Every structure is written in structure tokens, then in C-alpha cells.
Amino acid sequence: MKRDMDNLNLRAAFPEMPESCREALMTAARSVKEEKEMKRATFRVALIAALIIMSLTAVAFAAGSLLGWSDFYGQWHGGIGVPEGVYEQMKVSEDCSWQVGPLTFTATELLTDGHIAISAIHVRTTDGSAALINGANVSDPVDPIRANGENGREYAARLGVSEDATWIEAAQQLNLPLYRVSADHSMSHPLYEGDMMIDVLINEDGSLTFYCMSMLDTDRVQAELTLPLCLDVALADPTTGETSQRWRDYDQTVTIPVCPVLEERTYVPDRETIIAGHKLVKVDAVRYVTGAYLTFTYEMDYMAIPESAYELYELTLCDEAGSELPGGMNLSASLSFTIEVEEMIGVETLPDVITLTDDVLPDTIPGDAPVVLVAQ
Amino acid sequence: MDKDFFVQELEAHSGMLYRVACTLLHDDDACRDALQDAALKAWEKRHSLREKRFFRTWITRILINACYDTIRKRRRIVSLEEIREPQTPPPDLTLSLALAKLPEKLRLPLVLCCSEGMSYQEAADALHVPVATVRGRIHRAKGMLRKELDAE
Numbered sequence: 318m319k320r321d322m323d324n325l326n327l328r329a330a331f332p333e334m335p336e337s338c339r340e341a342l343m344t345a346a347r348s349v350k351e352e353k354e355m356k357r358a359t360f361r362v363a364l365i366a367a368l369i370i371m372s373l374t375a376v377a378f379a380a381g382s383l384l385g386w387s388d389f390y391g392q393w394h395g396g397i398g399v400p401e402g403v404y405e406q407m408k409v410s411e412d413c414s415w416q417v418g419p420l421t422f423t424a425t426e427l428l429t430d431g432h433i434a435i436s437a438i439h440v441r442t443t444d445g446s447a448a449l450i451n452g453a454n455v456s457d458p459v460d461p462i463r464a465n466g467e468n469g470r471e472y473a474a475r476l477g478v479s480e481d482a483t484w485i486e487a488a489q490q491l492n493l494p495l496y497r498v499s500a501d502h503s504m505s506h507p508l509y510e511g512d513m514m515i516d517v518l519i520n521e522d523g524s525l526t527f528y529c530m531s532m533l534d535t536d537r538v539q540a541e542l543t544l545p546l547c548l549d550v551a552l553a554d555p556t557t558g559e560t561s562q563r564w565r566d567y568d569q570t571v572t573i574p575v576c577p578v579l580e581e582r583t584y585v586p587d588r589e590t591i592i593a594g595h596k597l598v599k600v601d602a603v604r605y606v607t608g609a610y611l612t613f614t615y616e617m618d619y620m621a622i623p624e625s626a627y628e629l630y631e632l633t634l635c636d637e638a639g640s641e642l643p644g645g646m647n648l649s650a651s652l653s654f655t656i657e658v659e660e661m662i663g664v665e666t667l668p669d670v671i672t673l674t675d676d677v678l679p680d681t682i683p684g685d686a687p688v689v690l691v692a693q
Numbered sequence: 009m010d011k012d013f014f015v016q017e018l019e020a021h022s023g024m025l026y027r028v029a030c031t032l033l034h035d036d037d038a039c040r041d042a043l044q045d046a047a048l049k050a051w052e053k054r055h056s057l058r059e060k061r062f063f064r065t066w067i068t069r070i071l072i073n074a075c076y077d078t079i080r081k082r083r084r085i086v087s088l089e090e091i092r093e094p095q096t097p098p099p100d101l102t103l104s105l106a107l108a109k110l111p112e113k114l115r116l117p118l119v120l121c122c123s124e125g126m127s128y129q130e131a132a133d134a135l136h137v138p139v140a141t142v143r144g145r146i147h148r149a150k151g152m153l154r155k156e157l158d159a160e
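See below:
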């Protein structure tokens, strides 16, 4: 019997909580003590902190050693095709720096193709002093440094702390300030549409590269994009991890030229193609230096059209004076819906043929043969 | 946060916490360890809870980390045979087995949202991923779960 996925009782997949588990949880909860425990440093904090500070400030700071989008895509998100030349185009040639509290934010990479706006902003202490800097909305002071993945584990090793140490524990052990920063795009931007991706990488010298990618309303983007930035610094209390001091600058903007369209093609399937019940009509491809956006246009399955759509027939068409216009010779009516799905591929030229397979969700495409899309 | 509130909230969310631990650990012994560790760690880090209304999301994140720590410490590989024979059978064994076959990345957000009623934002906060990622993973999880169940 087929299950109704929308009303699936997922809790039935779990047994009742065993009494032994409940007892373990509640015994632990009741055993806690309310008095504040003083943490004793088990390391020679002063000496170690001094050594760390000396080694961090002795590192020669070179702009070329900063992590950028190439590192992000290359090491941490393999499988992404990045066309040649795009990283060069991202580089910011002028000085785009802002001081927010004790930190300096510098835009090192900026790019937009009208679909996405991406930025890499470097964050460091203005006076070059040692500090721990992590990304707000990416990790909390109570998260282990290893939660930043391989980049976090390497950083913990450089600091000489356990990778299981939380950010606040590392700050306590090393007697360093802990700053949580944001350098993202304003979500109230009028051209903003959809979700925003945020991530960080920690550079060798302990400074941070803050990555942000936001989706834009393509129809409203013009030749240039003025992107408002939200630059935020929060100093964490070394005992509690809570914010003890905060600095903000939400007034800064960067203006980026929008990459031009380099190539356009339209593809049609080599046979009538029904995918997940909907008829694939065509695929429009538009290529930029960033890659190609494919817009799949489907005719919606007639049976899937919502009931409310039929109310659209009930409108009365009138002239300027409000008098009803006479009906036309066509005594029938038609109702059809299209679905558009946009995807991106990282290619440097648009291919002549694209094939579609259903490896991820088999049987989405009826039959065994892949769908062949041919450029017109 | 005082101790009374802490104990009261853990009691209220105990069922949810057990199910989340089960989602990752599949084994009552390991669940017991993770739940205990999570409670103790949560109390240590109680000052990191910004507002009491976020207790559920906050404790879920701590529990998830505790589960991963438990996996590392115990270094057990849970075989499919163990999954198929839980100590206490759930009401819907077929569903339980199908759920267990999902990759953990898909299983966990599905449980958080569709079993425990978390919003996409709450699940995103608990899992440290964007909301869109949660939506996408749940969609894929439902698709895979449907196929598993249809095959039974």
C-alpha cells in the first residue's frame, strides 16, 4: 500500500524512549550545580600566549597568500566547474577597506553576473595584534574549532590547541580576544531574491576570509550593481562567550559592473519528453564569464493545475468606461501553466548537445534512454 | 537560566532528544551516553543560550555534537543487521528500516522538521547549514523514503 508522504507519521519509526535513557538524561540534569565554577588554567597560559602572539605577528602578511574563492571552490567544494579567467575578473584592484571597531574589512574579490553577487572580504585586526576571529552565523563561541572542517583543524593545530576546543576555550587558553564577524550583503537589498550563502575560511595568519553569495532578481539588475554591505563585529566575553561589545557599519556599499552575456542558445528535446509528469518544452542557455544558466521550461501536467487557477476564468473584461467588451469568435478557453527551473553549469562554451539522466531519482524520466537536448 | 528551568526543559524535550540521538546512533547504549554528555555540556555552556525560547534548537545542536563525540569515542560500526533488530521495536518497523537507509545528511533534517516539528530555520540553526540546504535535503529525503517504502 502506497504511503501518503505528506501525512507520514515519522514518529512511528522510533520506539518509545527507554526508561534507562530518560533516567540517564534527567539524572545528569539534576546533578548540575548552580554555583559558578572557576575554571583553572591547566596550561602555562602566559608563556604560551606570549609565544603565540610573537609567532602570529611575525608572519609576513602578503595579499597573495589570502584565501579566496578559488580555495573555497577548489578545496572545500570539489566538483564545481569554474571557467578560466573568472578569478582574475573577481579581483578588486582598488582599495576597498573599512574599519569597524578594532578590525579592518577589505573586499578582495567581487563579481556579479546579474544572477548572483559574490564577495570575498578579508577581516583582520587593524593594529596587527593577535586575536581569534570567526564568522558569526557560521559558528558560535561554544562550537569546537574542528566544526570549521579541515580548515578549522589546521587552524587549531597552528594555535596549539586541541581541535575539540571550542572557540571560547581557545580564547581563554591563549588569552586572546575572540571576535565574531559578519561581512554579508544586506538582505533588504531591493534586488535581492532568495537565499544567501555564507561561509568562512581562516587564513594562515589567523585573519578571516568571509564569503558571501546572494541571489538577485535578474529582471531588475542593470549595467551596474550597488551592493549594500553589513559589516559587524562582536567581541565575546572570555568567560561566558556572550557579546560584551559590538561595532556595526551598515552604511557601506560596493559598486560592481555586471558581467555581459557572452553566448545564448536554445535547446529542444529530440523527442516528446515528460519528466515527473510535466512536458519539457525547451531549455534556454545564457553564458557569462561565470558559467551558463539553463532555464528549463515545462508545460505543467494538466492534472496538477491547482483548483484556484480556474477562478482566473471568472474575470470580466471591460473598456475604459467600464462597459463589458463583447466575447470573441473563439467559444473555447484554454488554461496552461509553465514551470521554469534554473540551473547553472560551469562551462566555457555552450555545448551543441546536453543529455539528461535521472541517476539521482531513478524513473523520473520514463524509459531507459537519456533525454537528448539539441541546440537550435 | 536557572537549574529548575534547565531540568524542566530537558524533561519536556526528552522524547525529542531521544529520537534525534536515535537518528544518529541507532543504539540505546550510545544514546544514553550522548544524552548524558549533552545534558552536562549544555549546563556548562548555559550562558551561550541567548533567549530561553531558543532552548530546543540550542539543546539539539549540543546533542548532535555529543552524538558525534560518542561515535568517535565508541568507534562502533553499526551494521544493517543491528539496525534491523532494535531492542525495542518501533510501532512502524518498515518505516524505521526505510528511514535508517537514508544517508545521515538527509535523515537528520527530515527527522528534525517532519518528526519533531522544527521549522526550516530552526533545523538550519541546529545543523549549521543554510535554510535552502535544509529544504533541498528534506525534499530528497522524502523522495528516497518514498522509493524505499514503495519497494516494501
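Chains as they are written, first to last, in my numbering: chain G, 318 to 693; chain L, 9 to 160. Virtual Cβ for every residue (Gly too), placed ideally from N, Cα, C. All values reported here derive from a predicted model rather than from experimental measurement.
For a cutoff of 8 angstroms on Cβ pairs, would you count L:ILE91 as touching chain G? The residue given as residue 91 of chain L occupies position 83 in the second sequence. Note on L:ILE91: pLDDT 49, under 50, position unreliable in the model; no value is reported.
Proximal residues of chain G, C-beta to C-beta of L:ALA74 below 8 angstroms: As a first step, residue 74 of chain L must be located in the second sequence, where it is residue number 66. None at all; the shortest Cβ gap to chain G is about 11 angstroms.
Can you grab the Cα-Cα spacing for the pair L:LYS11 / G:THR344, in whole Å? If you number the second sequence from 1, residue 11 of chain L lands on position 3. If you number the first sequence from 1, residue 344 of chain G lands on position 27. Across the structure, L:LYS11 and G:THR344 are spaced so that their CA atoms are roughly 13 angstroms apart.
Closest residue to G:ASP481 among G:GLU467, G:ASN492, G:GLY594, G:TYR584 (Cα-Cα distance): Taking the first residue of the first sequence as 1, we reach residue 481 of chain G at position 164. The shortest Cα separation from G:ASP481 among G:GLU467, G:ASN492, G:GLY594, G:TYR584 belongs to G:GLU467.
Spatial neighbours of G:GLN416 in its chain, beta-carbon cut-off 7 angstroms, leaving aside the 5 residues before and after: Here residue 416 of chain G refers to the residue found at position 99 when the first sequence is read from its first residue. Only THR443 meet the Cβ criterion.
Residues within the segment 138–151 of chain L neighbouring chain G, beta-carbon criterion of under 8 angstroms: Listed by position along the chain: PRO138, VAL139, ALA140, ARG148, LYS150, GLY151.
If you run the structure through DSSP and keep just helix, strand and coil, what is G:GLU616? Translated into the one-based positions of the first sequence, residue 616 of chain G becomes position 299. The answer is strand: DSSP assigns G:GLU616 an E or B state.
Where does G:CYS413 fall in DSSP's three states? As a first step, residue 413 of chain G is located in the first sequence; it is residue number 96 there, counting from the start. DSSP places G:CYS413 in the coil class of the three-state scheme, outside both helix and strand.
Within the same chain, show all residues whose beta-carbon is closer than 7 angstroms to that of G:SER524, passing over the 5 residues directly before and after it, in chain order. Numbered from its first residue, the first sequence carries residue 524 of chain G at position 207. Closer than 7 angstroms at Cβ, skipping near neighbours: HIS439, VAL440, ARG441, ILE450.
Reference G:ASP536; option with closest CA among G:ASN465, G:ASP430, G:ALA551, G:ILE435: Reading the first sequence from its first residue, position 219 is the one you call residue 536 of chain G. From the listed residues G:ASN465, G:ASP430, G:ALA551, G:ILE435, the smallest Cα separation to G:ASP536 is found for G:ASP430.
Put G:VAL691 into one of helix, strand or coil per three-state DSSP. Here residue 691 of chain G refers to the residue found at position 374 when the first sequence is read from its first residue. Collapsing the DSSP output to three states places G:VAL691 in a strand.
Residues in its own chain within less than 7 angstroms of G:ASP636 by CB, not counting five upstream and five downstream? Translated into the one-based positions of the first sequence, residue 636 of chain G becomes position 319. Sequence-distant Cβ neighbours of G:ASP636 in its own chain, meaning closer than 7 angstroms and more than five residues away, are LEU642.
Buried versus exposed, by CB contacts within 10 Å (16 or more), G:ALA380: In the first sequence, residue 380 of chain G corresponds to position 63, counting from 1. With a pLDDT of only 41 at G:ALA380, under 50, the local geometry of the prediction cannot be trusted, and the value read off the model is given with reservation. Classification for G:ALA380: exposed.
Looking only at its own chain, which residues have a Cβ that is under 7 angstroms from the Cβ of L:ALA42, when we skip the five neighbours before and after it? The residue given as residue 42 of chain L occupies position 34 in the second sequence. For L:ALA42, where only same-chain residues beyond five positions count, the Cβ hits under 7 angstroms are ALA29, LEU33, LEU71, ALA74, CYS75, THR78.
Where does L:PRO99 fall in DSSP's three states? For the purposes of this step, residue 99 of chain L is identified with residue 91 of the second sequence, where counting begins at 1. L:PRO99 falls in the coil class under three-state DSSP.
Along the segment 108–132 of chain L, what residues have a CB closer than 8 angstroms to any CB found in chain G? Closer than 8 angstroms at the C-beta level to chain G, one finds these residues of the segment 108–132 of chain L: LEU118, VAL119, CYS122, SER123.
Near G:LEU383, which residues of its chain fall below 7 angstroms by C-beta distance, leaving aside the five closest residues on each side in sequence? In the first sequence, residue 383 of chain G corresponds to position 66, counting from 1. These residues qualify, in order along the chain: THR425, HIS439, ASN520, THR526.
Flag L:PHE14 as yes if its beta-carbon sits less than 8 angstroms from any beta-carbon of chain G, otherwise no. By 1-based counting over the second sequence, the position of residue 14 of chain L is 6. At least one CB atom of chain G sits nearer than 8 angstroms to the CB of L:PHE14.
Taking CB distances under 8 angstroms as the criterion, tell me whether G:GLY558 reaches chain L. Locating residue 558 of chain G in the first sequence gives position 241, counting from the first residue. Output row for G:GLY558: interface = yes.
Pick out whichever of G:MET617, G:PRO687, G:ILE591, G:VAL498 has its Cα sitting closest to the Cα of G:ALA553. For this step, residue 553 of chain G is matched to residue 236 along the first sequence. Answer by Cα proximity: G:VAL498.
Does G:TRP393 come within less than 8 angstroms of chain L when only Cβ atoms are used? Counted from its first residue, the first sequence places residue 393 of chain G at position 76. For G:TRP393, the predicted structure reports a pLDDT of 45, less than 50, and the residue's modelled location is therefore unreliable. The matter cannot be settled from this model.
Report yes or no: do three or more beta-carbon pairs, one from the segment 593–609 of chain G and one from the segment 400–415 of chain G, lie closer than 8 angstroms? Verdict: yes, contact present.
Delimiting residues of the alpha helix (DSSP H) encompassing G:ILE450: If you number the first sequence from 1, residue 450 of chain G lands on position 133. It is not in any alpha helix (DSSP H) - G:ILE450 instead sits in the beta strand (DSSP E) that spans 449–452.
Assuming G:ILE707 and G:LEU533 are in contact, meaning their beta carbons sit under 8 angstroms apart, how far apart are those beta carbons, in whole angstroms? The structure shown has nothing for residue 707 of chain G, since chain G only spans 318 to 693.
For L:SER13, is the classification buried or exposed, using 16 other Cβ atoms within 10 angstroms of its Cβ as the cut-off for buried? In the second sequence, residue 13 of chain L corresponds to position 5, counting from 1. Residue 13 of chain L is actually Phe in this sequence, not Ser. By the 10 Å Cβ count, L:PHE13 comes out exposed.
Amino acids of chain L, ordered along the chain, whose beta-carbon sits closer than 9 angstroms to that of G:CYS547: The count along the first sequence starts at 1 and reaches residue 547 of chain G at position 230. Taking the beta carbon of G:CYS547 as reference, no residue of chain L falls within 9 angstroms; the closest one sits roughly 16 angstroms away.
Of all the beta strand (DSSP E) runs that stay within the bounds of the segment 529–577 of chain G, which reach a length of 3 or more residues? Runs found: 541–553, 560–566, 570–574.
Burial state of L:SER123, where buried means 16 or more other Cβ atoms lie within 10 Å: The residue labelled residue 123 of chain L in the question sits at position 115 within the second sequence. Classification of L:SER123: buried, given that the 10 Å Cβ count is 16 or more.
From the beta carbon of G:VAL670, is the nearest beta carbon of chain L less than 8 angstroms away? As a position in the first sequence, residue 670 of chain G is number 353, starting the count at 1. Chain L contact via Cβ: absent.
The alpha helix (DSSP H) spanning L:MET24 covers which residue range? Taking the first residue of the second sequence as position 1, residue 24 of chain L is located at position 16. 22–33 is the span of the alpha helix (DSSP H), which, as asked, contains L:MET24.
What residues in its chain sit with their C-beta under 6 angstroms from that of L:ARG69, if we drop five residues either side in the sequence? Indexing the second sequence from 1 puts residue 69 of chain L at position 61. The residues are ALA134.
Check the Cβ-Cβ distances between G:ASP522 and every residue of chain L, and say whether any is below 8 angstroms. Within the first sequence, numbered from 1, the residue matching residue 522 of chain G stands at position 205. Not closer than 8 angstroms to any Cβ of chain L, the Cβ of G:ASP522 fails to qualify, so no.
Find the residues of chain G that neighbour L:ALA47, judging by a C-beta separation of less than 7 angstroms, and give them in chain order. Taking the second sequence and counting its residues from 1, the one referred to as residue 47 of chain L is at position 39. Listed along the chain, the chain G residues whose CB falls inside 7 angstroms of the CB of L:ALA47 are LEU342, ALA345, ALA346.
Look up G:ALA340 in the DSSP assignment and say whether it is helix, strand or coil. Numbered from 1 along the first sequence, position 23 holds the residue referred to as residue 340 of chain G. With the sequence shown as reference, residue 340 of chain G is identified as Glu, and Ala is not the correct amino acid for it. DSSP places G:GLU340 in helix when its eight states are reduced to three.
Alpha-carbon to alpha-carbon, G:ALA488 and G:TYR472: Residue 472 of chain G sits at position 155 when you count from the first residue of the first sequence. Residue 488 of chain G sits at position 171 when you count from the first residue of the first sequence. Approximately 13 angstroms, taken between the alpha carbons.
Listed from N- to C-terminal order along the chain, which residues in the segment 43–68 of chain L have their beta-carbon within a distance smaller than 9 angstroms of any beta-carbon of chain G? If the cut-off is 9 angstroms between Cβ atoms, the segment 43–68 of chain L has LEU43, GLN44, ASP45, ALA46, ALA47, LEU48, LYS49, ALA50, TRP51, GLU52, LYS53, ARG54, HIS55, SER56, ARG58 near chain G.
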